[in-house]
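Chains as they are written, first to last, in the numbering used here: chain A, 1 to 273; chain B, 1001 to 1273.
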């Protein structure tokens, strides 16, 4: 095997990860102070007021349990709304070190560099992953611009070069994606579940995966969107002989008697190999 | 402020993060055994042989220091190549608990469920972030399909519904992005650096950021790609008066004497507000 087959290392990136924080406890320190402070310093477009609010939404979308510690005075309206609706737990005071007990992740958005650094140090002592807003060296991770469509998440990072461009690229990606791509992915997930029911044995794992790959490669996203439960039932008949019918044939099966005999011709089946 | 202004929580996602592991130590346990084992179980397309190799490349691309612990026998050729080239440190034996000393992240790809679970438990005791390949409940994080273009990283996650579709979506996104978007982002990063030199005061942070936003919004990605250092120098003349010339005007400045007087008309400047 020659060396040129192996991709070259391209440093300078981040390790982009889908962090699993379902039912984990996330502590958000501050809920609006950054906003007021930066506004005082002269920004007029209001962008920072969304720091705490945006992060709270990020972690709620990933099913985390959230505690917000922040004095009520000066709370960002969206944060106040999440508190009022009971979407987050709330402690109406400034941060205290005991707030870190049993916490899995810490996000801060407070306008006090010393307090921020102190929280960062405590997090590192306790090995808690943390992001101190606006202080890149005191962050285990950065956020990016995320497009969401059902089970699909697309995250754009410019590695700090241009946060605004990340939003522009994210919007351009969202515009160019097929309308129902989230739905198509949901359908594939459903098909995978149905397949696991008809072929549950663990040792069939590789065969199941190989067949799902054939299906994913054989149909367009538009085809997958169009697929209903009846189509999936029909499609699953092709798992045992390890074949995948062309999508037109699959749709045609609904209206015709299908005798289950396969001629194996390339005109009918796709996704070989 | 009415409630409808606030985005609804849409659970079921992951928290997608750009993890910072530059100069952090990542331990990779195993370097090919999964491959051989799954191949033994009947898979024929070779997909799993790339698990350890793919992850090692992921973390090297993020400038991590990598240690691979795996018996030399059965090493994946790409992993062997990285070892031979000195891109990773290597320990030629099975995992031992002391391997976790001073480690910031652990990735395993070993075909021994009991050994894997043991490593997971040790990581949790020591609060080390870990991903046990092929065992979703024993993962602090999942990987997605990543497109890279210089400083730009786009990560596609289907939240486990369809890994193959994630690749398809990623390829479709890469095809639709402007050819030099990575370069455009690099240019904006460069402009930001140059701006920080001519306006270094911390209290100008909000003004710098507001102006960079105007620039990012005023020019197309294609415009940004086309910008050279001379154009950037010209553009920076517009920072003090807080204006952004239309791109055509900016390019024209190279060939014409420019007297620096602004008429403030909307025909000439863009990005107000």
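Just so you know, even glycine gets a beta-carbon here, dropped at the ideal spot from N, CA and C.
Values in this document were obtained by computation on a predicted structure and should not be read as measured data.
Name the chain B residues that come within less than 7 angstroms of residue i, Cβ to Cβ?
| i | result |
| --- | --- |
| residue 14 (chain A) | 1018, 1019, 1020, 1062, 1153 |
| residue 176 (chain A) | 1176 |
| residue 146 (chain A) | 1016 |
| residue 76 (chain A) | Correct list: empty, because the minimum Cβ distance to chain B is about 10 angstroms. |
| residue 127 (chain A) | 1127 |
Please list the partners that residue i has in chain B, where partner means a Cβ-to-Cβ separation under 8 angstroms.
| i | result |
| --- | --- |
| residue 275 (chain A) | Lying before the first or after the last residue shown, residue 275 (chain A) is absent from chain A, which here runs from 1 to 273. |
Residue i and residue j look like a contact to me (Cβ under 8 angstroms); what is the Cβ gap, rounded to whole Å?
| i | j | result |
| --- | --- | --- |
| residue 1166 (chain B) | residue 1157 (chain B) | 6 angstroms |
| residue 249 (chain A) | residue 1020 (chain B) | No, residue 249 (chain A) and residue 1020 (chain B) are not in contact; Cβ-Cβ is about 50 angstroms, not under 8 angstroms. |
| residue 10 (chain A) | residue 1061 (chain B) | 5 angstroms |
| residue 1142 (chain B) | residue 1014 (chain B) | 7 angstroms |
| residue 1030 (chain B) | residue 1052 (chain B) | 6 angstroms |
| residue 1224 (chain B) | residue 1251 (chain B) | Their Cβ separation, rounded to whole angstroms, is 12 angstroms, which puts residue 1224 (chain B) and residue 1251 (chain B) out of contact at 8 angstroms. |
| residue 67 (chain A) | residue 107 (chain A) | Actually they are not in contact, since the Cβ atoms of residue 67 (chain A) and residue 107 (chain A) sit about 11 angstroms apart, beyond 8 angstroms. |
| residue 178 (chain A) | residue 222 (chain A) | 6 angstroms |
| residue 6 (chain A) | residue 1090 (chain B) | Not quite, the Cβ-Cβ distance comes to about 16 angstroms (not below 8 angstroms), so this is no contact. |
| residue 1130 (chain B) | residue 144 (chain A) | With 8 angstroms as the limit, residue 1130 (chain B) and residue 144 (chain A) do not qualify as a contact, their Cβ atoms being about 22 angstroms apart. |
| residue 1155 (chain B) | residue 1056 (chain B) | That belief does not hold up - the Cβ atoms of residue 1155 (chain B) and residue 1056 (chain B) are roughly 18 angstroms apart, past 8 angstroms. |
| residue 1159 (chain B) | residue 1012 (chain B) | 7 angstroms |
| residue 1216 (chain B) | residue 162 (chain A) | 6 angstroms |
| residue 147 (chain A) | residue 109 (chain A) | Wrong, their Cβ atoms sit about 23 angstroms apart, outside the cutoff. |
With respect to the beta strand (DSSP E) encompassing residue i, which residues constitute its N-terminal and C-terminal limits?
| i | result |
| --- | --- |
| residue 1158 (chain B) | Looking at the DSSP string, residue 1158 (chain B) is not in any beta strand (DSSP E), and its letter there is neither H nor E. |
| residue 252 (chain A) | That residue, residue 252 (chain A), is in no beta strand (DSSP E); its alpha helix (DSSP H) goes 247–252. |
| residue 1100 (chain B) | Element bounds for residue 1100 (chain B): n/a, residue is neither H nor E. |
| residue 1131 (chain B) | 1129–1132 |
| residue 117 (chain A) | Taken as a continuous stretch (DSSP letters only), residue 117 (chain A) belongs to no beta strand (DSSP E), being part of the alpha helix (DSSP H) at 113–125. |
| residue 1018 (chain B) | 1015–1019 |
| residue 1065 (chain B) | 1065–1069 |
| residue 188 (chain A) | Where residue 188 (chain A) is concerned, there is no enclosing beta strand (DSSP E), although the alpha helix (DSSP H) it sits in stretches over 181–198. |
| residue 1029 (chain B) | 1025–1029 |
| residue 106 (chain A) | 105–108 |
Anything in chain A within Cβ reach of residue i, meaning under 7 angstroms, just list it in chain order.
| i | result |
| --- | --- |
| residue 1212 (chain B) | 164 |
Within the continuous alpha helix (DSSP H) that includes residue i, where are the two ends?
| i | result |
| --- | --- |
| residue 1243 (chain B) | Note, residue 1243 (chain B): premise wrong, no alpha helix (DSSP H); not H, not E. |
| residue 148 (chain A) | Segment 145–149 is the beta strand (DSSP E) holding residue 148 (chain A); no alpha helix (DSSP H) there. |
| residue 75 (chain A) | No alpha helix (DSSP H) holds residue 75 (chain A); DSSP gives it neither H nor E. |
| residue 1232 (chain B) | 1229–1236 |
| residue 171 (chain A) | 163–176 |
| residue 93 (chain A) | It is not in any alpha helix (DSSP H) - residue 93 (chain A) carries neither H nor E in the DSSP assignment. |
| residue 1218 (chain B) | 1205–1218 |
| residue 1059 (chain B) | 1051–1061 |
| residue 1223 (chain B) | 1221–1226 |
Check the Cβ of residue i against every Cβ in chain A and list those closer than 8 angstroms, keeping chain order.
| i | result |
| --- | --- |
| residue 1247 (chain B) | Under the 8 angstroms cutoff, chain A gives no residues; its nearest Cβ is about 15 angstroms from residue 1247 (chain B). |
| residue 1007 (chain B) | 57 |
| residue 1216 (chain B) | 162, 164, 165, 168 |
| residue 1031 (chain B) | Simply none; closest approach about 14 angstroms. |
Quick one: list the residues of chain A neighbouring residue i, beta-carbon separation under 9 angstroms, in chain order.
| i | result |
| --- | --- |
| residue 1238 (chain B) | Per Cβ cutoff of 9 angstroms: no residues; residue 1238 (chain B) is ~17 angstroms from chain A at best. |
Applying a beta-carbon distance threshold of less than 9 angstroms, which residues of chain B neighbour residue i?
| i | result |
| --- | --- |
| residue 230 (chain A) | By Cβ distance, chain B contributes nothing, its closest Cβ being about 20 angstroms from residue 230 (chain A), past 9 angstroms. |
At a Cβ threshold of 8 angstroms, is residue i touching chain E?
| i | result |
| --- | --- |
| residue 23 (chain A) | The chain inventory of the structure shown lacks chain E, comprising the protein chains A and B. |
- prompt: Closer than 8 angstroms, Cβ to any Cβ of chain A: which residues of the stretch 1107–1123 of chain B, in chain order?
  reply: Listed by position along the chain: nothing, the set is empty.
- prompt: If you pair each beta-carbon of the stretch 1174–1185 of chain B with each one of the stretch 1204–1211 of chain B, do three or more pairs fall below 8 angstroms?
  reply: Using a Cβ-Cβ distance cut-off of 8 angstroms, the stretch 1174–1185 of chain B and the stretch 1204–1211 of chain B are not in contact, since fewer than three pairs of beta carbons, one from each stretch, lie closer than that value.
task: Output, in sequence order along the chain, the residues in the stretch 83–105 of chain A whose CB is closer than 7 angstroms to any CB in chain B.
output: The stretch 83–105 of chain A vs chain B, Cβ under 7 angstroms: 87.
query: Taking any Cβ of chain A, which residues in the stretch 1157–1173 of chain B have a Cβ under 7 angstroms from it, in chain order?
result: Cβ contacts with chain A come from 1157, 1158, 1159, 1161, 1162, 1164, 1165, 1168, 1169, 1173.
query: Given 8 angstroms as the limit, is there contact between the stretch 190–204 of chain A and the stretch 1229–1245 of chain B, that is, 3 or more CB pairs closer than that?
result: The stretch 190–204 of chain A vs the stretch 1229–1245 of chain B: no contact.
- prompt: When you check each C-beta in the stretch 180–198 of chain A against every C-beta of chain B, which residues fall closer than 8 angstroms?
  reply: Residues passing the 8 angstroms Cβ filter: 181, 184, 185, 186, 188, 189, 192.
query: Pairing CB atoms from the stretch 1147–1157 of chain B with CB atoms from the stretch 1103–1119 of chain B, are three or more of them under 8 angstroms?
result: Flag = no, the stretch 1147–1157 of chain B and the stretch 1103–1119 of chain B do not touch.
Validate contact between the stretch 1084–1095 of chain B and the stretch 1123–1135 of chain B using beta carbons, cut 8 angstroms, 3 pairs: No, the stretch 1084–1095 of chain B is not in contact with the stretch 1123–1135 of chain B.
- prompt: Contact between the stretch 70–83 of chain A and the stretch 99–108 of chain A: three or more CB pairs below 8 angstroms?
  reply: At 8 angstroms Cβ cutoff, the stretches do not touch.
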